[in-house]
Amino acid sequence: MSDSLRVVAVGEVPPSLADREGFAVQSVSDTGGAMATLETSAVDCLLLDADWAGVPERVRRRFPDVSVVVYAETDAVDLDAVLAVADGFVAREAGETLLAHRLPRIASEKASASAMLDRESARFQELAKSVGVGILSIDQDSVVQFANPAIEDVLGWPPMELEGESLGVLIPDRLRTRHFEGMKEYLSTGERQLDWSGVDLPAEHREGHELEVRISFGEFKHDSEHYFTGVITPVDVDDDLRAALEAAHDSVVNARDRHDDRTLAEAAETLSELLARLEQ
Numbered sequence: 177m178s179d180s181l182r183v184v185a186v187g188e189v190p191p192s193l194a195d196r197e198g199f200a201v202q203s204v205s206d207t208g209g210a211m212a213t214l215e216t217s218a219v220d221c222l223l224l225d226a227d228w229a230g231v232p233e234r235v236r237r238r239f240p241d242v243s244v245v246v247y248a249e250t251d252a253v254d255l256d257a258v259l260a261v262a263d264g265f266v267a268r269e270a271g272e273t274l275l276a277h278r279l280p281r282i283a284s285e286k287a288s289a290s291a292m293l294d295r296e297s298a299r300f301q302e303l304a305k306s307v308g309v310g311i312l313s314i315d316q317d318s319v320v321q322f323a324n325p326a327i328e329d330v331l332g333w334p335p336m337e338l339e340g341e342s343l344g345v346l347i348p349d350r351l352r353t354r355h356f357e358g359m360k361e362y363l364s365t366g367e368r369q370l371d372w373s374g375v376d377l378p379a380e381h382r383e384g385h386e387l388e389v390r391i392s393f394g395e396f397k398h399d400s401e402h403y404f405t406g407v408i409t410p411v412d413v414d415d416d417l418r419a420a421l422e423a424a425h426d427s428v429v430n431a432r433d434r435h436d437d438r439t440l441a442e443a444a445e446t447l448s449e450l451l452a453r454l455e456q
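Residue numbers (this note's numbering): 177 to 456.
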């Protein structure tokens, strides 16, 4: 962050905040103007009023480093709903002095958590690659959204080539229809046809041959869409290490989704232990 906290406020800027040293505050009339400003300007914090609904999710998706704070009368908002998606809430009736105190702290905590998450995610990727653990994320249409570098070691596909492709390219012909029907059934009923904690399945290598891999699955929702993550390992990877890797991966993913510093710290500790095991 810069020396001054760069704030975009939707609606009227609290008078004392606009003139306070250490703040650079810009006012916009509505959330559309706020999003446009975020596109073109460096911003640390977005300050919303009672008309906040839907904005934190949009900001998190496009500008994950910007903290979102709701400043409104307590009885004008659903506090539980606000706290579930925003980085902070300050009651307007508590006054502008408290707001000026809380905004820098919230922004600092967000920046620290984001930096820590970036570091630990990078460490996890290095760890996963070192033991041949492939990671894939797909959407509910089975289109690959993300592939880590190690997926090439396991299945022969460079990540850039695999992203945007149908998962079907990794599934042997005889099993593709079963996969797509199973996905459709799960999205309709929520009933799982496989053991998500780990199942051995044949996969198709980019060169055309089949190989056995073990896959564990996770799921998350974003904007009402389902996304699935698979941790893919050759069947000969040590079971205990595989389980620990999968648990650490889940912790990092869940922490990113919830901005949960405590879970992130626990994930970091687990990753450190795994790195030590690999060095033995």
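Think of the CB as a built atom: it goes at the ideal place given N, C-alpha and C, for glycine as much as any other residue. Predicted model only: the values in this text are computed from it and were never measured.
When C-beta atoms of the stretch 363 to 376 are compared with those of the stretch 256 to 276, fewer than three pairs fall below 8 Å, so the two segments do not count as touching. For Gly-310, the enclosing beta strand (DSSP E) has its first and last residue at 310 to 315. Here the alpha carbon of Glu-285 sits roughly 26 Å from the alpha carbon of Gly-208. Here the alpha carbon of Gly-332 sits roughly 11 Å from the alpha carbon of Glu-386. When the alpha-carbon of Glu-395 is set against those of Arg-295, Arg-234, Ser-313, the nearest one is in Ser-313. Proximity to Val-319 across Gly-344, Val-244, Ser-203 peaks at Gly-344, based on C-alpha coordinates. With fewer than 16 other beta carbons inside 10 angstroms of its own, Leu-259 counts as exposed. The beta carbon of Asp-220 lies closer than 6 Å to those of Met-177, Leu-181, Arg-182, Ala-283 in the same chain, with the five residues before and after it left out. Ranking Ala-229, Asp-263, Phe-322, Trp-228 by CA distance to the CA of Ser-290 puts Asp-263 first.
For Arg-390, the three-state secondary structure derived from DSSP is strand. Straight-line spacing of the CA atoms in Val-411 and Met-336 works out to 25 Å.
Runs of the alpha helix (DSSP H) lying entirely within the stretch 328 to 402, each at least 4 residues long, are 335 to 338, 349 to 365 in chain order. DSSP places Pro-232 within a helical segment (H, G or I) once states are collapsed to three. In this structure, Val-330 lies away from Gly-358, with their beta-carbon atoms at least 8 Å apart.
Here DSSP, grouped into helix, strand and coil, assigns Ser-284 to helix.
Ranked by how close their Cα comes to the Cα of Ser-392, the residues Ala-379, Asp-251, Met-211, Ile-408 have Ile-408 in first place. CA-CA distance, Arg-236 to His-402, rounds to 17 Å.
Glu-380 is classed as buried because its beta carbon has at least 16 other beta carbons within 10 Å across all chains shown. Each of Glu-383, Val-186, Glu-215 was checked against the Cα of Val-201, and the nearest Cα belongs to Val-186. By the neighbour-count criterion, in which a residue is buried when 16 or more other Cβ atoms sit within 10 angstroms of its Cβ, Val-375 is exposed. Taking C-beta separations shorter than 6 Å and ignoring five residues to either side along the sequence, the partners of Asp-315 in its chain run Gln-321, Tyr-403, following chain order.
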